[in-house]
Amino acid sequence: MPSIGRSAMIRRRIASSASRSARVTGDASALHRLVRKHQDRAYGYAFRLTRNPEEAGDIVAEAFVRVHNAVRNFKGNSAFTTWLYRIITNCYLDHRKKERTRQAL
2 MPSIGRSAMI
12 RRRIASSASR
22 SARVTGDASA
32 LHRLVRKHQD
42 RAYGYAFRLT
52 RNPEEAGDIV
62 AEAFVRVHNA
72 VRNFKGNSAF
82 TTWLYRIITN
92 CYLDHRKKER
102 TRQAL
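To convert, count from 1 in the sequence shown and add 1; that's my numbering.
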């Protein structure tokens, strides 16, 4: 896991992405509550996937933006965290695809 300083930096990055998304949609308080409640567990999951603190932070930030943009589509058939982890997994897979494409060029 990242050091205390790095952890604070990653939290700020996640919060910054959440703030940008909230400004666009106009629902800042709801997004900030979601981020505060789930960011540590989301980051831990992303870190287990990536084994890279910066990459995990980027993936979680992107995942919360996606969650915020798609939260109206959440049907409640599963736990919110199950849905969030699926989004994190998809962000991770998308990130890997981009990396492979970059390396191929």
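All C-beta atoms in this analysis are idealised placements derived from N, C-alpha and C, irrespective of residue type, glycine included.
Per DSSP, Ala80 is not a residue of any alpha helix (DSSP H), being assigned neither H nor E. Assigned with DSSP and collapsed to three states, Arg52 falls in coil, not helix or strand.
Here the alpha carbons of Lys98 and Gln104 stand approximately 10 angstroms from one another. With contacts defined as CB atoms closer than 7 angstroms, Ile88 and Arg67 qualify as a contacting pair. With fewer than 16 other Cβ atoms inside 10 Å of its own Cβ, Ala29 counts as exposed. Here Gly58 is buried, its C-beta having at least 16 other C-beta atoms within 10 Å.
Sixteen is the threshold: when 16 or more other Cβ atoms of the shown chains lie within 10 Å of the Cβ of Leu32, as they do, the residue is buried.
For the 7 angstroms CB-CB criterion, Leu50 and Tyr93 form a contact.
Rounded to the nearest whole angstrom, the CA to CA distance from Asp41 to Glu55 is 14 angstroms.
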